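Visitor:
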Ligand code: KG4
Ligand code: ZN
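Residue numbers (UniProt numbering): 1 to 335.
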């Protein structure tokens with residue numbers, strides 16, 4: 001079969017990213033312009049600021065992606081773009097840019113689901129990985145256990161009923177005055193703390209693989225406030241380590257439970273929180289013990305990037321899921 005090259009665009013949150021991907025698995029270039037330093041000042045992502053920065057950056061990021069891949073626009077077979085879920089104002093920048101390119105180059109355009117794309121980051125890192133497998137998708141907006149039945153067929157087995165796990169990391173980090181984004185900061189600080197120092201609550205639902213992280217977030221806040229009222233110095237490393245242990249253990253328990261129930265041996269993790277070192281270490285140990293094969297992307301492909309959009313776009317394209325100029329952007333959308 002002829003090689004298929006896609007130019008893939010990601011602007012769902014605070015990264016302006018464009019990648020060139022061949023056959024869904026080979027990354028020819030992957031340019032990411034992060035706005036983290038801009039949003040850090042506000043303690044989190046400000047949607048309008050994010051959209052305005054995407055508009056300023058996208059042209060240069062796209063040019064760099066083409067140059068780095070050493071290709072011409074003529075070499076591109078189709079355009080892939082994340083159009084759901086995410087910040088609508090941000091997504092619309094990517095979608096409009098993709099439509100203009102597709103129109104100017106007279107190429108097909110493929111709409112990509114951002115969460116599906118996070119899962120597909122594993123195809124880039126592990127050439128042998130193919131469906132079916134189970135994936136824990138944990139990001140700033142999502143916490144799902146997904147059965148990947150086929151390249152474009154996904155079944156949600158469990159998901160959060162309130163906050164996403166990344167959101168909980170970010171909020172707890174804010175309470176601990178660690179700055180934004182909180183996940184990596186908690187990950188690092190927790191290494192110096194005692195994970196058994198504080199017994200934070202873990203939510204479980206009967207006969208369900210769903211999660212809930214709002215309770216533990218409030219428990220951390222209450223703990224910090226109570227300590228302050230009593231004039232006792234909060235050991236931030238202990239709070240970070242105990243919070244992280246509680247959250248990660250629920251994620252791992254539900255994931256392994258579903259793998260056993262469905263008798264699936266291949267497990268993957270994806271999304272920003274899959275960069276967490278405690279999650280990786282804990283799951284690696286459990287999977288070794290349970291004789292399961294664990295896949296995870298390199299750190300650079302865990303958080304938002306264009307390469308994962310290109311991988312997902314390839315499989316959508318092969319399935320005939322081609323979009324047109326009526327493509328819209330959506331804040332939320334089932335996987
Ligand atoms: O996938 P992502 O880049 O964007 C969304 O689609 O949401 O995920 C961002 C989230 C943030 O909440 C960030 O704090 C979290 O991923 N994150 C981490 C780590 N690195 C990023 N959470 C825990 N540990 C990390 N090392
Ligand atoms: Zn993401």
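Don't be surprised by glycine CBs; every beta carbon is placed ideally from N, CA and C. Being a predicted model, the structure only gives us computed values, none of them experimental.
Can you give, in chain order, each stretch of the beta strand (DSSP E) that sits fully within the region 219-288 and has at least 3 residues?
Guide: The qualifying runs are 266-270.
Visitor: Would you say the beta carbon of residue 272 comes nearer than 8 Å to a heavy atom of the ligand ZN?
Guide: At least one heavy atom of the ligand ZN is nearer than 8 Å to the Cβ of residue 272, so yes.
Visitor: Count the other CB atoms, across all protein chains shown, that sit within 10 Å of the CB of residue 48; report buried if there are 16 or more and exposed otherwise.
Guide: Residue 48 comes out exposed.
Visitor: Going residue by residue through the region 52-140, where are the continuous beta strand (DSSP E) segments of at least 3 residues, counting only ones entirely within it?
Guide: Complete beta strand (DSSP E) runs here, min 3: 78-84, 109-113 and 133-138.
Visitor: Just mark residue 35 as buried or exposed, buried being the case when its beta carbon has 16 or more other beta carbons within 10 Å.
Guide: Burial call: buried.
Visitor: How is residue 143 classed by DSSP in three states: helix, strand or coil?
Guide: Three-state DSSP puts residue 143 in a strand.
Visitor: If you measure between the beta carbons of residue 244 and residue 186, is that distance less than 9 Å?
Guide: Result yes, Cβ atoms of residue 244 and residue 186 sit closer than 9 Å.
Visitor: In angstroms with no decimal places, state the Cα-to-Cα distance between residue 267 and residue 290.
Guide: Rounded to whole angstroms, residue 267 to residue 290 spans 11 Å at the Cα level.
Visitor: What residue from 320, 315, 2 and 165 has the CA that sits closest to residue 75's CA?
Guide: If we check each option's Cα against that of residue 75, 2 comes out closest.
Visitor: When DSSP labels each residue in this structure, what does residue 44 get in the three-state scheme?
Guide: Three-state DSSP puts residue 44 in coil, outside helix and strand.
Visitor: So who's on the other strand from residue 188, going by DSSP bridges?
Guide: Paired residues: none, contrary to the question.
Visitor: Taking 8 Å as the cut-off, is the beta-carbon of residue 13 closer than that to any non-hydrogen atom of the ligand ZN?
Guide: Checking every heavy atom of the ligand ZN against the Cβ of residue 13, one is found closer than 8 Å.
Visitor: Cβ of residue 319 within 9 Å of Cβ of residue 151?
Guide: Cβ distance < 9 Å, so residue 319 and residue 151 count as in contact.
Visitor: Compute every distance between the C-beta of residue 319 and the non-hydrogen atoms of the ligand ZN, then say whether any falls below 8 Å.
Guide: False, no ligand heavy atom lies under 8 Å from that Cβ.
Visitor: Take residue 201 and list the residues in its own chain whose beta-carbon comes closer than 8 Å to its own, dropping the five residues that flank it on each side.
Guide: So the list reads 215, 216, 219 and 246, once near-sequence residues are dropped.
Visitor: If I follow the unbroken beta strand (DSSP E) through residue 22, where does it start and stop?
Guide: Looking at the DSSP string, the run of the beta strand (DSSP E) that includes residue 22 is 15-22.
Visitor: Would the region 79-92 count as touching the region 8-27 if we require 3 or more Cβ pairs under 8 Å?
Guide: In short, these stretches touch, since the Cβ pair count reaches three.
Visitor: Who does residue 29 pair with in a DSSP beta bridge?
Guide: Residue 29 is bridged to 20.
Visitor: Alpha helix (DSSP H) containing residue 167: first to last residue?
Guide: Here the alpha helix (DSSP H) through residue 167 covers 165-175.
Visitor: Smallest Cα separation from residue 307: which of 182, 258, 120 and 127?
Guide: When each option's Cα is compared against that of residue 307, the closest is 120.
Visitor: From 304, 305, 288 and 283, pick the residue whose C-alpha is nearest to that of residue 296; which is it?
Guide: Nearest C-alpha to residue 296: 283.
Visitor: Compute the beta-carbon to beta-carbon distance between residue 335 and residue 146, rounded to the nearest angstrom, for a pair I have assumed lies under 8 Å.
Guide: Right, their Cβ atoms sit about 6 Å apart.
Visitor: For residue 312, which residues in the same chain have their Cβ closer than 6 Å to its Cβ, ignoring the five residues on either side in sequence?
Guide: Excluding positions up to five away in sequence, the list reads 112, 116, 117 and 120.
Visitor: Between which two residues does the alpha helix (DSSP H) carrying residue 316 extend?
Guide: Note, residue 316: alpha helix (DSSP H), 306-318.
Visitor: For the ligand KG4, is there a heavy atom less than 8 Å away from the beta-carbon of residue 43?
Guide: No, the Cβ of residue 43 stays beyond 8 Å of every heavy atom of the ligand KG4.
Visitor: Shorter than 8 Å, the distance from the beta carbon of residue 94 to the closest heavy atom of the ligand KG4, or not?
Guide: No - the ligand KG4 has no heavy atom lying nearer than 8 Å to the Cβ of residue 94.
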